[in-house]
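Using the UniProt record's numbering, read the sequence shown as starting at 1 and increasing by one per residue.
Glycine residues also receive a C-beta, built at the ideal position from the N, C-alpha and C atoms.
Below you'll find the structure, written out as structure tokens, and then a few comments.
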Amino acid sequence: MKQSLFVSEIALYDIANAAGVAADLSHIETRPTVTGHTGPDELKKALEGSKVVLIPAGVPRKPGMTRDDLFSKNASVVADLARACAKHCPEAMICVITNPVNSTVPIAAEMLKKEGVYDPKRLFGVTTLDITRTNTFIASAKGLDVSKVTCPVICGHSGNTIIPVISQCNPAVSFPLEIREEITARIQNAGTEVVNAKAGAGSATLAMAYAGARFANSLLHAMKGQANIVECAFVECDVADTEFFACPVLLGPNGVEKVYGIGNLIEYEISLLKKALPELRKNIERGKKFASSY
Numbered sequence: 001m002k003q004s005l006f007v008s009e010i011a012l013y014d015i016a017n018a019a020g021v022a023a024d025l026s027h028i029e030t031r032p033t034v035t036g037h038t039g040p041d042e043l044k045k046a047l048e049g050s051k052v053v054l055i056p057a058g059v060p061r062k063p064g065m066t067r068d069d070l071f072s073k074n075a076s077v078v079a080d081l082a083r084a085c086a087k088h089c090p091e092a093m094i095c096v097i098t099n100p101v102n103s104t105v106p107i108a109a110e111m112l113k114k115e116g117v118y119d120p121k122r123l124f125g126v127t128t129l130d131i132t133r134t135n136t137f138i139a140s141a142k143g144l145d146v147s148k149v150t151c152p153v154i155c156g157h158s159g160n161t162i163i164p165v166i167s168q169c170n171p172a173v174s175f176p177l178e179i180r181e182e183i184t185a186r187i188q189n190a191g192t193e194v195v196n197a198k199a200g201a202g203s204a205t206l207a208m209a210y211a212g213a214r215f216a217n218s219l220l221h222a223m224k225g226q227a228n229i230v231e232c233a234f235v236e237c238d239v240a241d242t243e244f245f246a247c248p249v250l251l252g253p254n255g256v257e258k259v260y261g262i263g264n265l266i267e268y269e270i271s272l273l274k275k276a277l278p279e280l281r282k283n284i285e286r287g288k289k290f291a292s293s294y
């Protein structure tokens, strides 16, 4: 984000050591100024005047953990930050990265509703890492230039709710069912692959930072009026009889301009979606239930 031409100021917030990271980041010779804010007493100052808020806060995964295992740790983190956004930057675009996204985005929505400032067009669950992984794995399997590969990923952002729609890949690709299943499984378990490779030292950070920055930059371009900016995101929408769903959306100056939905699926993808929807609905309801009593 420090390299973005559309950013004038970056305000970093954390419960510890934000000033140190801010000092380090501020030495990069690009336009945005950087400030660091540590602890609840400085949260207001960090948020006031913000046009875009990225929320990557929370506990990372460790070996043996799923994204859903993070719920008890991260639910309150997102609830508190969403409430603070409602008070100090109610019109900001809010991009939730904190897992489990299937539940934390509904939590944020409910907290914003409580404060009377909820705008579904301005709340996003960032699922971009699923797309970058899908593009990478498809390109590798087919020997393609990954920068030329684009494949949507729908439904949700954990386990079997991550559904790569390989039939809609551009350029078009074809795989035997066995290979398609292998690629799909690898995409769905890519986060675990990284957690295990790091042997307890953390979860995906570099790829997630790239994916978060990619989504934020796309949003900034759209906010500045650039046309035809499309990204997949987990948003409130009327798709597949769920309250929230990940799919391609058209971004604009006011956030979500259009939800493209599912599109045409092949039989294999339809079967994945049918299996995933009950889990997705359960995740959403869990988030809403938490927020209602928080």
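Assuming residue i is part of the alpha helix (DSSP H), what are its boundary residues?
i, result
"residue 37", "It is not in any alpha helix (DSSP H) - residue 37 instead sits in the beta strand (DSSP E) that spans 33-38."
"residue 24", "18-26"
"residue 212", "206-223"
"residue 238", "It is not in any alpha helix (DSSP H) - residue 238 instead sits in the beta strand (DSSP E) that spans 229-239."
"residue 191", "190-197"
"residue 85", "71-88"
"residue 105", "101-114"
"residue 246", "It is not in any alpha helix (DSSP H) - residue 246 instead sits in the beta strand (DSSP E) that spans 242-252."
"residue 280", "267-292"
Quick one: is residue i buried, meaning 16 or more other Cβ sit within 10 Å of its Cβ, or exposed?
i, result
"residue 188", "buried"
"residue 99", "buried"
"residue 248", "buried"
"residue 191", "buried"
"residue 23", "exposed"
"residue 55", "buried"
"residue 40", "exposed"
"residue 270", "exposed"
"residue 20", "exposed"
"residue 199", "exposed"
"residue 125", "buried"
Would you mind reading off the limits of the beta strand (DSSP E) that contains residue i?
i, result
"residue 12", "9-14"
"residue 148", "No beta strand (DSSP E) holds residue 148; DSSP gives it neither H nor E."
"residue 258", "255-259"
"residue 29", "Counting along the chain, residue 29 falls outside any beta strand (DSSP E), and DSSP gives it neither H nor E."
"residue 131", "From DSSP, residue 131 is part of no beta strand (DSSP E) but of the alpha helix (DSSP H) over 128-142."
"residue 43", "Element bounds for residue 43: not the beta strand (DSSP E) but the alpha helix (DSSP H), 43-47."
"residue 93", "93-96"
Using only the alpha-carbon positions, how far apart do residue i and residue j sit?
i, j, result
"residue 59", "residue 233", "22 Å"
"residue 31", "residue 147", "27 Å"
"residue 204", "residue 123", "23 Å"
"residue 131", "residue 149", "10 Å"
"residue 231", "residue 128", "8 Å"
"residue 28", "residue 14", "20 Å"
"residue 26", "residue 34", "5 Å"
"residue 263", "residue 202", "36 Å"
"residue 88", "residue 206", "30 Å"
"residue 153", "residue 118", "26 Å"
"residue 121", "residue 184", "29 Å"
"residue 61", "residue 195", "7 Å"
"residue 334", "residue 49", "With the chain represented from 1 up to 294, any question about residue 334 goes unanswered, as that position is not in the structure."
"residue 109", "residue 236", "9 Å"
"residue 86", "residue 221", "24 Å"
"residue 268", "residue 197", "30 Å"
"residue 84", "residue 8", "22 Å"
"residue 266", "residue 167", "7 Å"
"residue 151", "residue 227", "20 Å"
"residue 170", "residue 133", "15 Å"
"residue 291", "residue 209", "27 Å"
"residue 77", "residue 115", "17 Å"
"residue 165", "residue 95", "23 Å"
"residue 238", "residue 90", "24 Å"
"residue 144", "residue 217", "25 Å"
"residue 277", "residue 73", "24 Å"
"residue 175", "residue 186", "15 Å"
"residue 260", "residue 193", "30 Å"
Since residue i and residue j are thought to touch, with beta carbons under 8 Å apart, how far apart are those beta carbons, to the nearest angstrom?
i, j, result
"residue 18", "residue 37", "6 Å"
"residue 92", "residue 112", "10 Å between Cβ atoms; not a contact."
"residue 219", "residue 52", "6 Å"
"residue 75", "residue 107", "6 Å"
"residue 163", "residue 70", "The pair is not a contact, with the Cβ atoms about 21 Å apart (cut-off 8 Å)."
"residue 246", "residue 155", "6 Å"
"residue 224", "residue 173", "Between residue 173 and residue 224 the Cβ distance is about 33 Å, and since that is not below 8 Å, they are no contact."
"residue 11", "residue 294", "In fact, because the Cβ distance is near 25 Å, the residues do not count as touching under 8 Å."
Quiz item: If we count Cβ pairs, one from each stretch, closer than 8 Å, do we get three or more for the stretch 143-162 versus the stretch 66-76?
Solution: A contact exists between the stretch 143-162 and the stretch 66-76.
Quiz item: Quick one: any contact between the stretch 179-193 and the stretch 36-55, if contact means 3 or more CB pairs under 8 Å?
Solution: The stretch 179-193 is not in contact with the stretch 36-55.
Practice problem: May I ask you to verify whether the stretch 210-221 touches the stretch 2-10, counting CB pairs closer than 8 Å and requiring at least 3? | Solution: Counting Cβ pairs under 8 Å, three or more are found: they touch.
Exercise. Take every Cβ of the stretch 98-107, pair it with every Cβ of the stretch 285-292, and state whether three or more of those distances are shorter than 8 Å.
Key: Taking 8 Å as the limit for Cβ pairs, the verdict is that the stretch 285-292 does touch the stretch 98-107.
Quiz item: Are three or more beta carbon pairs between the stretch 125-140 and the stretch 252-264 nearer than 8 Å?
Solution: No, the stretch 125-140 is not in contact with the stretch 252-264.
Quiz item: So, do the stretch 240-247 and the stretch 267-286 have three or more beta carbon pairs nearer to each other than 8 Å?
Solution: Yes, since at least three Cβ pairs between the stretch 240-247 and the stretch 267-286 fall closer than 8 Å, the two stretches touch.
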